[in-house]
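Heads up: take any position in the sequence shown, counting from 1, add 119, and you land on our numbering.
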Amino acid sequence: MVRVTNRKYLFLGPGLVLVLALASFAAAPVAAGDSVARLIARTEAIAGKIDAAALRHACGGEVRCAARRIAETLGQGARLERVSSPTADTIRWVETLPSLGAVQTLPDGRRLIALNRFGRKAGQDLTRALKEGGTDVVLDLRANAGGDFGRMLRVAGLLIGPRHGALTLNQGNVSESLDLPRVTPGARPRRFAVLVGPGTASSAEVLAALLRRHAGAKILGARTAGKDYLLRVIAVEQNWRLLVPAERISVPGEILAGGLLPDAPVSPGLLAALSP
Numbered sequence: 120m121v122r123v124t125n126r127k128y129l130f131l132g133p134g135l136v137l138v139l140a141l142a143s144f145a146a147a148p149v150a151a152g153d154s155v156a157r158l159i160a161r162t163e164a165i166a167g168k169i170d171a172a173a174l175r176h177a178c179g180g181e182v183r184c185a186a187r188r189i190a191e192t193l194g195q196g197a198r199l200e201r202v203s204s205p206t207a208d209t210i211r212w213v214e215t216l217p218s219l220g221a222v223q224t225l226p227d228g229r230r231l232i233a234l235n236r237f238g239r240k241a242g243q244d245l246t247r248a249l250k251e252g253g254t255d256v257v258l259d260l261r262a263n264a265g266g267d268f269g270r271m272l273r274v275a276g277l278l279i280g281p282r283h284g285a286l287t288l289n290q291g292n293v294s295e296s297l298d299l300p301r302v303t304p305g306a307r308p309r310r311f312a313v314l315v316g317p318g319t320a321s322s323a324e325v326l327a328a329l330l331r332r333h334a335g336a337k338i339l340g341a342r343t344a345g346k347d348y349l350l351r352v353i354a355v356e357q358n359w360r361l362l363v364p365a366e367r368i369s370v371p372g373e374i375l376a377g378g379l380l381p382d383a384p385v386s387p388g389l390l391a392a393l394s395p
């Protein structure tokens with residue numbers, strides 16, 4: 120069970136921002152009036168005290184200026200981001216974009232599944248790919264830049280099974296334990312190899328760490344991107360939002376900060392089998 124309520128979390132991979140839970144404070148743009156004060160209050164609720172006087176001196180009542188300076192001050196992934204209102208076509212495209220890339224049987228009999236994103240049907244697609252054959256799986260996360268944290272947890276539950284306290288969210292002196300949910304699998308693999316690299320980021324890194332910790336997976340490839348924290352979003356204006364680093368993620372026995380280290384590089388034989 121994921122015990123996250125009344126908050127809005129983002130887990131950001133390069134180019135990807137997805138929501139885990141809702142937050143009333145970020146549901147609408149900052150209201151007119153003293154919008155800078157409201158922005159400061161919302162930021163401080165997430166990231167702690169900021170120098171409001173200096174911000175006022177530099178930006179006056181310009182909320183976008185204030186948001187940009189807050190991002191510069193916070194650093195570490197914080198940024199002011201312009202967003203476009205989605206059209207019906209872009210919504211349909213996101214809804215139908217497949218989660219899986221290549222799915223094939225390797226010459227040694229192992230099942231290769233490239234999980235490139237945590238899309239809306241990631242669990243269904245993965246279950247189908249597993250049913251098609253093979254309990255010895257090579258899960259390729261090298262192109263997975265992250266995505267929806269809740270969907271990632273369901274994928275982990277599908278592959279690993281339920282686990283109490285599988286990972287922790289840490290903010291200051293406060294820690295929150297998260298469980299892997301109970302997801303009925305079509306066929307749970309007995310053995311895993313997980314391929315990772317610099318393109319493996321955010322929630323994909325956490326999935327790899329969970330598989331090594333709780334399923335005995337062997338991690339192959341190169342160090343991952345090293346994003347070990349969640350982002351929260353604060354709406355600033357109609358088409359602008361501020362992304363603020365929030366809780367850090369930890370998996371017992373694993374190090375995510377600076378990138379997840381693999382157990383070994385990908386062997387030449389496996390690389391050759393992966394080549395198109």
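Just so you know, even glycine gets a beta-carbon here, dropped at the ideal spot from N, CA and C.
Nothing here was measured: the structure is a model prediction, and the numbers come from that model.
Exercise for the section: Could you check if ILE232 is buried or exposed, using at least 16 other CB atoms within 10 Å of its CB as the buried criterion? Expected result: buried
Practice task
Report yes if the C-beta distance between PHE311 and VAL256 is below 9 Å; otherwise report no.
Solution key: yes
Problem - Local conformation of ALA336 per DSSP, three classes - result: coil
Exercise for the section: In angstroms with no decimal places, state the Cα-to-Cα distance between ALA241 and ALA173. Expected result: 46 Å
Handout entry: Residues of its chain near GLY276, where Cβ-Cβ distance is below 7 Å and the 5 sequence neighbours each way are ignored
Key = LEU299, PRO300, ARG301, VAL302
Handout entry: Neighbourhood of LEU158 by C-beta, 8 Å cutoff - its chain only, sequence neighbours within 5 removed
Key = VAL149, VAL182, ALA185, ALA186, ILE189, ILE353, VAL355, LEU361
Handout entry: Exposure label - ASP347; buried when at least 16 CB within 10 Å
Key = So ASP347 counts as buried.
Handout entry: Cα-Cα separation, VAL246 to GLY167
Key = The sequence given here places Thr at residue 246; Val does not occur at that position. When rounded, the distance between both Cα atoms is 42 Å.
Practice task
Mark THR319 as exposed unless 16 or more other C-beta atoms lie within 10 angstroms of its C-beta, in which case mark it buried.
Solution key: buried
Problem - Residue burial classification, ASP267 (beta-carbon count within 10 angstroms, cutoff 16) - result: buried
Practice task
State the start and end residues of the unbroken alpha helix (DSSP H) segment that holds LEU245.
Solution key: 241-250
Practice task
Using the Cα positions of LEU390 and ARG230, report the straight-line distance between them to the nearest angstrom.
Solution key: Rounded to whole angstroms, the separation of the alpha carbons of ARG230 and LEU390 is 14 Å.
Problem - LEU272 - DSSP class collapsed to helix/strand/coil - result: helix
Handout entry: Backbone secondary structure at ALA140 - three-state DSSP
Key = Note that ALA140 scores 35 on pLDDT, short of 50, meaning its location in the model is unreliable; the coordinates nonetheless yield the value given after this. Reduced to three states, the DSSP call for ALA140 is coil.
Handout entry: Residues near ARG282 by beta carbon distance below 6 Å, same chain, minus five either side
Key = LEU299, HIS333
Exercise for the section: Report the option in LEU286, ALA160, LEU278, GLY377 whose CA atom is closest to the CA atom of GLY335. Expected result: Relative to GLY335, the option among LEU286, ALA160, LEU278, GLY377 whose CA is nearest is LEU278.
Exercise for the section: Starting from the C-beta of LEU379, find all residues in its chain whose C-beta is less than 8 Å away, skip the five residues before and the five after it, and write them out in chain order. Expected result: Setting aside the 5 residues that flank it on each side, LEU379 is surrounded in the same chain by VAL315, THR319, GLU324, ALA327, ALA328, ILE338, ARG342, THR343, GLY345, GLU373, each with a C-beta closer than 8 Å to its C-beta; the list follows chain order.
Handout entry: Contact set for ASP244: own chain, Cβ-Cβ below 8 Å, skip 5 residues either direction
Key = PRO217, SER218, LEU219, GLY238
Practice task
Output the distance between the C-alpha atoms of LEU272 and ALA177, rounded to the nearest integer angstrom.
Solution key: 42 Å
Practice task
State the beta-bridge partners of ALA383 as determined by DSSP.
Solution key: Looking at the DSSP output, ALA383 shares a beta bridge with LEU339.
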